[in-house]
Amino acid sequence: DTEVTQTPKHLVMGMTNKKSLKCEQHMGHRAMYWYKQKAKKPPELMFVYSYEKLSINESVPSRFSPECPNSSLLNLHLHALQPEDSALYLCASSHYRGNEQFFGPGTRLTVL
Amino acid sequence: AQTVTQSQPEMSVQEAETVTLSCTYDTSENNYYLFWYKQPPSRQMILVIRQEAYKQQNATENRFSVNFQKAAKSFSLKISDSQLGDTAMYFCAFMTPDTGNQFYFGTGTSLTVIP
Numbered sequence: 253d254t255e256v257t258q259t260p261k262h263l264v265m266g267m268t269n270k271k272s273l274k275c276e277q278h279m280g281h282r283a284m285y286w287y288k289q290k291a292k293k294p295p296e297l298m299f300v301y302s303y304e305k306l307s308i309n310e311s312v313p314s315r316f317s318p319e320c321p322n323s324s325l326l327n328l329h330l331h332a333l334q335p336e337d338s339a340l341y342l343c344a345s346s347h348y349r350g351n352e353q354f355f356g357p358g359t360r361l362t363v364l
Numbered sequence: 308a309q310t311v312t313q314s315q316p317e318m319s320v321q322e323a324e325t326v327t328l329s330c331t332y333d334t335s336e337n338n339y340y341l342f343w344y345k346q347p348p349s350r351q352m353i354l355v356i357r358q359e360a361y362k363q364q365n366a367t368e369n370r371f372s373v374n375f376q377k378a379a380k381s382f383s384l385k386i387s388d389s390q391l392g393d394t395a396m397y398f399c400a401f402m403t404p405d406t407g408n409q410f411y412f413g414t415g416t417s418l419t420v421i422p
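Protein sequence lines correspond, in order, to chains A and B. Counting in my numbering, the first sequence runs from 253 upward without gaps. Counting in my numbering, the second sequence runs from 308 upward without gaps.
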């Protein structure tokens with residue numbers, strides 16, 4: 253299984269809602285990542301988990317809260333988002349201290 | 308600090324022709340990896356090719372090959388026999404294991420293959 257899966261594919265939420273994005277991989281990777289991507293722009297790193305511990309947090313607002321329940325799962329909890337948070341949210345994984353990252357298909361988030 | 312520069316925001320190529328996408332990077336690290344990722348309009352990021360900095364031989368994957376010039380810090384991607392399915396955004400990326408596997412992406416090149 254060389255796949256990273258993400259759910260949901262699309263999400264529309266109001267600014268007062270609480271929602272979660274989910275990411276899963278079964279490749280035995282021990283590093284997992286959340287990125288935010290705007291149209292025609294490169295992905296922007298938000299969080300990195302290595303061995304289920306948060307290792308990089310790129311000064312992301314607290315309305316985004318990551319969680320890594322185990323080595324295969326990564327969640328991103330969303331609360332009180334702003335319209336400018338509308339974007340494609342990508343999850344990726346890699347072997348720790350390995351090389352390429354494998355990306356999921358993303359969740360298209362729209363905040364109204 | 309690591310930086311990656313892609314100086315061609317948009318490019319086009321005729322089907323079956325060859326096109327080269329440029330990428331330069333800046334780093335003081337000796338141990339690093341370079342990648343080209345493709346993101347078609349469906350938005351799934353797919354690895355095209357990778358290059359280890361310690362390898363002198365240029366990486367090749369079918370119609371995709373790189374020209375890795377370490378001294379010049381240049382890492383261009385050549386696509387031969389371009390196909391309509393090659394239409395996508397192409398991102399050059401740099402990674403060094405010593406910074407926690409963090410990727411540094413270029414700004415991307417939007418490639419259109421014209422039938």
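Cβ coordinates follow ideal geometry from the N, Cα and C atoms, glycine included.
- Runs of alpha helix (DSSP H) with 4 or more residues, each lying fully within the region 286 to 356 of chain A, are absent.
- DSSP places Leu364(A) in the coil class of the three-state scheme, outside both helix and strand.
- Counting only Cβ-Cβ distances below 8 Å, Tyr340(B) has contacts in chain A at Asn351 and Glu352, in chain order.
- Shown here, Asp393(B) sits in a helix according to DSSP, grouped into three states.
- At least one CB of chain B lies nearer than 9 Å to the CB of Leu340(A).
- By the Cβ rule, the region 401 to 413 of chain B counts as touching the region 293 to 306 of chain A, because three or more pairs are nearer than 8 Å.
- Interface flag for Gly280(A) against chain B is unset, since no Cβ pair is found closer than 9 Å.
- Of the candidates Asp333(B), Thr327(B) and Glu324(B), Asp333(B) places its Cα closest to the Cα of Gln309(B).
- Per DSSP, the continuous beta strand (DSSP E) segment holding Arg357(B) begins and ends at Ile353 to Glu359.
- For His262(A), the number of other beta carbons within 10 angstroms of its own is below 16, and it is reported as exposed.
- Of all residues in the region 381 to 411 of chain B, those with a C-beta nearer than 8 Å to a C-beta of chain A are Met396, Phe398, Met402, Pro404, Gly407, Asn408, Gln409 and Phe410, reading in chain order.
- Checking the DSSP bridge columns, you'll see Tyr340(B) partnered with Glu359(B) and Met402(B).
- Contact annotation for Ser417(B) against chain A: Lys292 [CB-CB distance below 8 Å, chain order].
- At least 9 Å separates the beta-carbon of Tyr339(B) from that of Met396(B).
- In the structure shown, Cys330(B) adopts coil according to DSSP, grouped into three states.
- For the region 326 to 360 of chain B, residues whose beta-carbon sits nearer than 9 Å to a beta-carbon of chain A comprise Tyr340, Phe342, Tyr344, Gln346, Ser349, Arg350, Gln351, Met352, Ile353, Leu354, Arg357 and Glu359.
- By a beta-carbon distance limit of 8 Å, Ser319(B) contacts Thr419(B). Their separation comes to about 4 Å.
- Where Asn374(B) is concerned, the enclosing beta strand (DSSP E) starts and stops at Phe371 to Gln376.
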